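Residue numbers (our numbering): 913 to 1087.
All remarks here apply to the structure that follows.
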């Protein structure tokens, strides 16, 4: 099966990446391992993380790739691999995954969306920052520790009380 992907050099992309077992909390339980996986990949395959949130079972991110580079797939493969190698082997691995030497940690695919304009960019950043509230982990977005919202607040781009009204609850896109 061939997937339609928008490959744009120096593009800005929104991603949703999920654990295979959505009832697990590996991403937040092993947040330092995940951060290290991102650091390692960025050393050899640079990219900017414009915004990001990590929830127990999935994450959302906006990346901007370097000029003349559109290879987000390799970056995700490496991040998933580095993270997986640090997790003890406790999950069930079906025959298909075993045949491909895969772990049973991540969903094979991920959601990717090419950011098209400033409004699209802004809406996806809002979606990322509001996601912990949407899923009921916190009442205020700023209370979630694994979010780029803290960088946005620190840089004066938004205030600590961002997202406390009901306007963001009806976002027109989702996971």
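Ideal Cβ positions, reconstructed from N, Cα and C, are used throughout, including at glycine.
Since the model is a prediction, treat every value here as computed from it, not as a measurement.
Quick one: what's got a C-beta closer than 7 Å to residue i's C-beta in the same chain, skipping five residues either side?
i, result
"residue 1072", "1054, 1065"
"residue 991", "949, 950, 953"
"residue 918", "1026"
Could you check what DSSP says for residue i in three-state terms: helix, strand or coil?
i, result
"residue 1047", "coil"
"residue 1067", "coil"
"residue 948", "helix"
"residue 1058", "coil"
"residue 955", "helix"
"residue 985", "helix"
"residue 1022", "coil"
"residue 973", "strand"
"residue 995", "helix"
"residue 1001", "coil"
"residue 1031", "helix"
"residue 1017", "coil"
If contacts are defined as beta-carbon pairs under 8 Å, then residue i and residue j qualify, I think. What distance do you get, rounded to the angstrom?
i, j, result
"residue 943", "residue 1058", "6 Å"
Which residues in the same chain as residue i place their Cβ atom closer than 6 Å to its Cβ, once the five residues preceding and following it in sequence are excluded?
i, result
"residue 1045", "1053"
"residue 937", "968"
"residue 1040", "963, 965, 972"
"residue 1037", "963"
Using a Cβ-Cβ cut-off of 8 Å (strictly less than) and excluding sequence neighbours within five positions of residue i, which residues of its own chain qualify?
i, result
"residue 1077", "none"
"residue 941", "968"
From residue i to residue j, what distance separates their C-alpha atoms?
i, j, result
"residue 934", "residue 1019", "9 Å"
"residue 1004", "residue 1049", "27 Å"
Hey, quick one: how far does the beta strand (DSSP E) through residue i stretch, first residue to last?
i, result
"residue 960", "960 to 966"
"residue 930", "924 to 930"
Starting from residue i and walking both ways along the alpha helix (DSSP H), at which residues does that stretch end?
i, result
"residue 938", "938 to 941"
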